[in-house]
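**Student:**
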Amino acid sequence: MINPAKTYTIDEYIEILYRRIWYIIIPFLLIVAGACGYAFFAPRQYKASTLILVSPQKIPEAFIPATVTSKVEERLQSIAQEVLSRTRLEQIISELKLYQKEKNTLSREEVVELMQKDIKVELPTKRDEKGYFTISYIGRDPNVVTTVANRLGSQFIEENLKIREMQAAGTSEFLANELTAVKEKLDHVEAAVAQYKRRFMGELPEQRESNIKILEQLQNQYQRVGESLRAAQDRKLFLQKQLTDMEHPIGSQGVAGYEKEGRLSAGKPSSLQKEMSSLSPTPDTAMETVGEKKGSYESQRESLTRILDGLQARYTDNHPDVITVKKNLADLEAKKDENAAKDKKGASDVKRDPRYRELKNQLDFTDQEIARLRESEREVVRQIDKYRTRIEQTPAREQDMASLMREHQSTKENYERLLQKSQSAQQAENLEKRQKGEQFRIIDPARVPEKPFSPDIPKILLIGLFAGIGGGFGLAFLREQMDRSFREPGDVEITLGLKVLAAIPRIEEKK
């Protein structure tokens with residue numbers, strides 16, 4: 432037994448080696464023989480690899496941004512799930528008649544899983560080596576593994592093109608639908624803005640300055656029309672006076688004085704006499720026009736009537752003052768009729784005068800002008816009220832328009848962004864259809880392997896050699912540890928704790 436507490440010399444190790452030599456040789460030979468048997472008689476496995484380059488987009492992305500922006504690793508996972516799916520692999524297994532022996536003992540799912548294990552998709556581990564990947568397949572037939580590797584490479588390329596086209600088309604379709612929806616909203620907002628402007632035309636914020644200017648012009652026009660109207664009215668009065676003067680020349684056609692002698696009873700109050708005397712015409716009243724005479728007649732008649740009513744309230748009809756006032760009232764009516772007849776006769780003669788007709792025409796024209804100016808004045812007033820109302824309503828319209836324009840601006844900006852994205856997506860879709868985008872391209876197709884990939888004979892033999900040496904020495908060490916015999920006096924002393932008095936050396940019998 433090997434004592435760990437004891438220090439062994441080289442001779443002692445050599446002695447142990449010689450003593451356990453067969454424990455070393457036999458495991459070594461067995462392990463090496465097994466390794467050689469496996470290396471030379473194990474089924475040959477061949478590996479074929481296809482190197483695929485990730486070719487970038489041919490047109491700079493500054494001109495046409497790519498719609499497929501996912502990383503190559505992420506897309507490879509998605510593509511691998513599709514290419515290495517059960518349906519695809521079963522089709523390859525059926526076409527190339529793979530795993531014929533395994534089909535007898537394994538189910539379809541197990542055969543597919545076995546093929547999936549034989550397929551490797553490898554990406555470069557270094558950052559500066561990214562931009563390509565390798566698809567490998569391991570099998571027993573070198574021609575078959577080459578065919579499978581190339582088939583898988585082609586399917587990866589086709590699936591990548593298909594996925595990119597689908598993503599580009601999906602992006603383009605989505606943006607087109609969004610663009611249509613936003614365009615409808617923009618049209619609706621623009622229609623609302625146009626309808627609002629039509630409805631409140633003249634009250635809009637951008638029309639405020641023009642409304643103020645127009646209002647100022649209307650106010651000035653109102654002043655001018657007023658001045659013209661007053662001038663026309665003055666001209667009308669002047670023409671009327673001229674016509675009246677021609678119809679009623681100045682003379683003694685005033686109301687004749689009323690004889691007061693004997694008409695009022697003596698001793699009556701002076702107030703009645705003054706009131707009655709005020710009804711008598713003076714030389715100045717004789718110069719009145721017909722219109723003024725008519726007013727004087729009416730005024731005198733009303734005054735006499737008022738006096739008569741007052742007298743009748745105090746006296747009977749036989750009272751001298753009542754009789755006198757009634758007589759004056761009757762004389763006034765008679766004088767009025769007499770003067771009217773005279774004026775009518777004089778007027779008929781004057782109307783035949785050419786100058787009278789000219790003045791009459793001017794008066795008619797002036798009346799028409801006054802009517803026109805009054806209508807113009809009313810129209811100007813209506814316009815002033817109209818524009819004042821517009822100016823007063825402008826702040827409310829400004830607030831409404833600001834809300835509408837904010838919505839319009841926001842919708843328009845969104846529409847323009849979507850339009851730009853939609854155009855870029857359409858260009859990217861055309862780019863993918865023409866295969867001008869990022870592509871997978873085979874730069875090193877799989878070739879028929881000349882040497883098997885597995886087993887690796889030198890590697891297996893080397894491993895078998897080291898395993899045989901390690902196994903032999905390990906078994907020898909284990910056997911030495913299990914040996915309980917004492918071979919040195921020191922072993923006895925260490926183990927039993929007793930001093931050895933004498934040691935009998937090994938006696939070999941000579942034959």
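Quick note on numbering: the numbering used here labels position 280 of the sequence shown as 711, and the sequence is numbered without any gaps.
Beta carbons are placed, not taken as given, at the ideal position from N, Cα and C, and that holds for glycine.
Values in this document were obtained by computation on a predicted structure and should not be read as measured data.
Relative to the C-alpha of M677, which candidate in Q664, I594, H619 and Y787 has its C-alpha closest?
**Tutor:** Taking the first residue of the sequence shown as 1, we reach residue 677 at position 246. Residue Y787 is the option with its Cα nearest to M677.
**Student:** Roughly how many whole angstroms lie between the Cα atoms of E810 and N651?
**Tutor:** Reading the sequence shown from its first residue, position 379 is the one you call residue 810. Reading the sequence shown from its first residue, position 220 is the one you call residue 651. Roughly 14 angstroms between the two C-alpha positions.
**Student:** What are the boundary residues of the alpha helix (DSSP H) that Y627 is part of?
**Tutor:** The residue labelled residue 627 in the question sits at position 196 within the sequence shown. Unbroken alpha helix (DSSP H) run through Y627: P573 to R630.
**Student:** Could you spell out where the alpha helix (DSSP H) holding Q799 opens and where it closes?
**Tutor:** Counting from one through the sequence shown, the residue named residue 799 turns up at place 368. Looking at the DSSP string, the run of the alpha helix (DSSP H) that includes Q799 is P785 to K864.
**Student:** Could you tell me which residues DSSP puts in a beta bridge with A479?
**Tutor:** Within the sequence shown, the letter at position 48 stands for residue 479. Partner(s): Y568.
**Student:** What are the residues that DSSP puts in a beta bridge with R872?
**Tutor:** Sequence index remark: in the sequence shown, residue 872 carries index 441 (1-based). According to DSSP, R872 bridges with L484.
**Student:** In the DSSP assignment, find the unbroken beta strand (DSSP E) run with I550 in it and report its ends.
**Tutor:** Walking along the sequence shown from the start, residue 550 turns up at place 119. From DSSP, the beta strand (DSSP E) with I550 extends over I550 to E553.
**Student:** What did DSSP end up calling S516 once you bin it into helix, strand or coil?
**Tutor:** Here the question's residue 516 lines up with position 85 in the sequence shown. Residue state, collapsed to three classes: coil.
**Student:** Exposed or buried, which one is R595 when buried takes at least 16 other CB atoms within 10 Å?
**Tutor:** Your numbering for residue 595 matches position 164 in the sequence shown. Classification of R595: buried, given that the 10 Å Cβ count is 16 or more.
**Student:** Between A466 and I891, which are expected to be in contact by the criterion C-beta below 8 angstroms, what is the C-beta distance as a whole number of angstroms?
**Tutor:** Counting from one through the sequence shown, the residue named residue 466 turns up at place 35. Counting from one through the sequence shown, the residue named residue 891 turns up at place 460. About 5 angstroms; that satisfies the 8 angstroms criterion.
**Student:** Candidates I738, L790, G657 and K930: which alpha carbon is nearest V812's?
**Tutor:** To locate residue 812, count along the sequence shown from 1; it is residue 381. Minimum Cα distance to V812 is reached at G657.
**Student:** Just to confirm the assignment, what range does the alpha helix (DSSP H) spanning L376 have?
**Tutor:** Given a span of 432 to 942 for the chain in the structure shown, any question on residue 376 remains unanswerable.
**Student:** Helix, strand or coil: how does DSSP classify S659 here?
**Tutor:** Here residue 659 refers to the residue found at position 228 of the sequence shown. In this structure, S659 counts as helix in the three-state DSSP scheme.
**Student:** Looking only at C-alpha atoms, which of I483, E533, K593 and K532 sits nearest to L554?
**Tutor:** For the purposes of this step, residue 554 is identified with residue 123 of the sequence shown, where counting begins at 1. Ranking I483, E533, K593 and K532 by Cα distance to L554 puts I483 first.
**Student:** Can you give the beta carbon distance from K616 to T842, rounded, assuming they're within the 8 angstroms contact cut?
**Tutor:** Reading the sequence shown from its first residue, position 185 is the one you call residue 616. Reading the sequence shown from its first residue, position 411 is the one you call residue 842. Rounded, the Cβ-Cβ distance is 6 angstroms, consistent with contact.
**Student:** Which first and last residues belong to the alpha helix (DSSP H) in which D748 is found?
**Tutor:** For the purposes of this step, residue 748 is identified with residue 317 of the sequence shown, where counting begins at 1. Unbroken run through D748: none, as it is neither H nor E.
**Student:** What does the alpha-carbon distance come out to for the pair L583 and E590?
**Tutor:** Here residue 583 refers to the residue found at position 152 when the sequence shown is read from its first residue. Here residue 590 refers to the residue found at position 159 when the sequence shown is read from its first residue. So the two alpha carbons sit approximately 10 angstroms from each other.
**Student:** Near G645, what residues of its chain come up, given a Cβ to Cβ distance below 7 angstroms and the 5 sequence neighbours on each side ignored?
**Tutor:** The residue labelled residue 645 in the question sits at position 214 within the sequence shown. First, the amino acid is wrong: residue 645 is Ile here, not Gly. These residues qualify, in order along the chain: Y818.
**Student:** Could you tell me the alpha carbon to alpha carbon distance between P883 and T518, rounded to whole angstroms?
**Tutor:** Your numbering for residue 883 matches position 452 in the sequence shown. Your numbering for residue 518 matches position 87 in the sequence shown. Straight-line Cα distance between these residues: approximately 29 angstroms.
**Student:** Of all the options E443, I462, Q648 and A470, which has the alpha carbon lying nearest to the alpha carbon of P886?
**Tutor:** As a first step, residue 886 must be located in the sequence shown, where it is residue number 455. Comparing Cα positions, the closest option is A470.
**Student:** Does S885 come out as helix, strand or coil in the three-state DSSP assignment?
**Tutor:** Translated into positions along the sequence shown, residue 885 becomes position 454. In the structure shown, S885 sits in a strand (DSSP, three-state: E or B).
**Student:** Where does I445 land, buried or exposed, given buried means 16+ other C-beta within 10 angstroms?
**Tutor:** Here residue 445 refers to the residue found at position 14 when the sequence shown is read from its first residue. It counts as exposed.
**Student:** For G562 versus V485, is the C-beta spacing smaller than 9 angstroms?
**Tutor:** Counted from its first residue, the sequence shown places residue 562 at position 131. Counted from its first residue, the sequence shown places residue 485 at position 54. Taking 9 angstroms as the Cβ cut-off, G562 and V485 qualify as a contacting pair.
**Student:** For the pair the segment 829–848 and the segment 566–573, tell me if three or more CB-CB distances fall below 8 angstroms.
**Tutor:** With a cut-off of 8 angstroms, the segment 566–573 and the segment 829–848 do not count as touching, because too few Cβ pairs lie within range.
**Student:** Using a Cβ-Cβ cutoff of less than 6 angstroms, which residues in the same chain neighbour V944 once the five nearest sequence positions on both sides are dropped?
**Tutor:** The structure shown does not extend to residue 944, since the chain is modelled only from 432 to 942, so the question has no answer here.
**Student:** Determine the closest residue to L909 out of R737, L448 and V931, with distance taken between C-alpha atoms.
**Tutor:** Locating residue 909 in the sequence shown gives position 478, where the first residue counts as 1. The residue with the shortest Cα to Cα distance from L909 is L448.
**Student:** Would you give the residue range spanned by the alpha helix (DSSP H) that R450 belongs to?
**Tutor:** Start at 1 with the first residue of the sequence shown, and residue 450 comes out as number 19. I441 to R450 is the span of the alpha helix (DSSP H), which, as asked, contains R450.
**Student:** According to the Cβ coordinates, are I524 and V552 closer than 9 angstroms?
**Tutor:** If you number the sequence shown from 1, residue 524 lands on position 93. If you number the sequence shown from 1, residue 552 lands on position 121. Result no, Cβ atoms of I524 and V552 do not sit closer than 9 angstroms.
**Student:** Restricting to Cα atoms, I'd like to know which of T481, A622 and F631 is closest to P880.
**Tutor:** In the sequence shown, counting from the first residue as 1, residue 880 sits at position 449. The residue with the shortest Cα to Cα distance from P880 is T481.
**Student:** Going by beta carbon distance, what residues of the same chain come within less than 6 angstroms of P700, once the five residues before and after it are set aside?
**Tutor:** Locating residue 700 in the sequence shown gives position 269, where the first residue counts as 1. Because P700 sits at a pLDDT of 43, beneath the cut-off of 50, its placement in the model cannot be relied upon, and the following sentence gives the value as read from the coordinates. No residues qualify anywhere along the chain.
**Student:** Among L635, L507 and Q793, which has the Cα closest to the Cα of Q671?
**Tutor:** Locating residue 671 in the sequence shown gives position 240, counting from the first residue. Answer by Cα proximity: Q793.
**Student:** If you measure between the beta carbons of Q945 and T825, is that distance less than 9 angstroms?
**Tutor:** The requested residue 945 does not occur in the structure, where the chain is confined to residues 432 to 942.
**Student:** Whose C-beta lies closer than 7 angstroms to the C-beta of R451 among residues of the same chain, with five residues either side of it excluded?
**Tutor:** Working through the sequence shown from its first residue, we reach residue 451 at position 20. Same-chain partners within the cutoff: A907, R910 and E911.
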